[in-house]
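Going by my numbering, the first residue of the sequence shown is number -3, and it counts up by one from there. Quick notes on the structure that follows.
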Amino acid sequence: MHRVSLPLLVYNHLFPSPRPTDPTSFAAHLTRNLVPEVRIETAIFYGNLDTIEARYPGLDYSHPPHRMRLGRFQWHRRLFRAFDELGLTKDEIASLCRWEGTKWARERYEKDEGVIVRDTTGDDIPMWEEPPKEQPTQTTPRQQFCSGSDAEYDEEEADELKEEDSQNQQPEEDEEGESDDEVESVGIALNQRLIAAAAAGGAASGVVMDEEFERWLKEAAERGNLTDPDVRLGPLPSVFTGRPTTAPVPGEVHPGTFAGV
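Structure representation (structure tokens):
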């Protein structure tokens, strides 16, 4: 039993049921579909075919970057899928791919001409160098020193803040002091009125007192807030009521009498 050749094996995988418009063999498929795609890719990659490298690009169908470049085209994409599905090795792929633009074509040219075609693809790419590892450095906290002028400035600023606080608190203290003074002044004026009224009553003068003061004096006497014994004794003089002095009627209690309260 003879082993099936690689070109026929790949062709049968690519065209399991050939149509009349399909190529009849792998060689026909190569000429009609694969080589034109190689020429297009070479022109796109190099720009022109004036250099030896462009005429012999040395495409390796087992090299992933070259597969990526050629895999953009329909027939090459199907060819690479067939290689993977058939499980071909690198040697089998290299023995099959012997046409224009392949690695086999470049090696044959170098052998016949005795020259080495230099690959300039990576000339503009610098060599990778591992960046040096940074060693951790121990840093000590920096001490801050204040000069003499700075210290004086801080002291002046603190004094200004204290003065502002004292000024803000002074109006409140003034308000409290004013309220105490007002209460004290009212008490003094009231005492003076009491003294004047008592003196007027003792002298039996005809001074007329206001009703507000009379009402306050009555309430104070009823509560026992009057400390002067002369004021609390006997009936209220007529000076507090604003009426002339008259003798009390027997059996009638005078409205200003404190004894009956």
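Virtual Cβ for every residue (Gly too), placed ideally from N, Cα, C. None of these values were measured; they are calculated from a predicted model.
Burial state of Arg15 (16 or more Cβ within 10 Å): To locate residue 15, count along the sequence shown from 1; it is residue 19. Arg15 is exposed by the Cβ-count criterion.
Buried or exposed by the 16-neighbour rule on C-beta atoms within 10 Å, applied to Arg102: If you number the sequence shown from 1, residue 102 lands on position 106. Arg102 is buried by the Cβ-count criterion.
Contact under 7 angstroms by Cβ, Thr38 with Gly97: As a working note, residue 38 is residue 42 in the sequence shown. As a working note, residue 97 is residue 101 in the sequence shown. Going by C-beta atoms, Thr38 is nearer than 7 angstroms to Gly97.
Neighbour-count burial assignment, Lys99, 16 or more Cβ in a 10 Å radius: Translated into positions along the sequence shown, residue 99 becomes position 103. Lys99 should be labelled buried.
Buried/exposed call for Pro53, threshold 16 Cβ in 10 Å: Against the sequence shown, residue 53 aligns to sequence position 57. Pro53 should be labelled buried.
One or two residues paired with Thr98 in a DSSP bridge: Walking along the sequence shown from the start, residue 98 turns up at place 102. Answer by DSSP bridge pairing, in chain order: Leu55.
Expected contact under 8 angstroms - CB spacing of Leu5 and Leu82 to nearest Å: Position 9 of the sequence shown, counting from 1, holds the residue named residue 5. Position 86 of the sequence shown, counting from 1, holds the residue named residue 82. About 7 angstroms separates the two Cβ atoms, so the contact holds.
Residue span of the alpha helix (DSSP H) that contains Pro16, given as start and end: For the purposes of this step, residue 16 is taken as the residue at position 20 of the sequence shown. No alpha helix (DSSP H) contains Pro16, which DSSP labels as neither H nor E.
Cβ-Cβ distance between Tyr42 and Ala50 below 7 angstroms: Reading the sequence shown from its first residue, position 46 is the one you call residue 42. Reading the sequence shown from its first residue, position 54 is the one you call residue 50. Contact flag set, yes.
Sequence-distant residues of the same chain with beta carbon closer than 6 angstroms to His25, five excluded per side: If you number the sequence shown from 1, residue 25 lands on position 29. For His25, where only same-chain residues beyond five positions count, the Cβ hits under 6 angstroms are Pro19.
Check whether His72 and Glu106 have beta carbons under 7 angstroms apart: Walking along the sequence shown from the start, residue 72 turns up at place 76. Walking along the sequence shown from the start, residue 106 turns up at place 110. The answer is no: Cβ separation not under 7 angstroms.
From Val111, Leu66 and Leu45, residue whose alpha carbon lies closest to that of Asn29: As a working note, residue 29 is residue 33 in the sequence shown. For Asn29, the nearest C-alpha among the options comes from Leu66.
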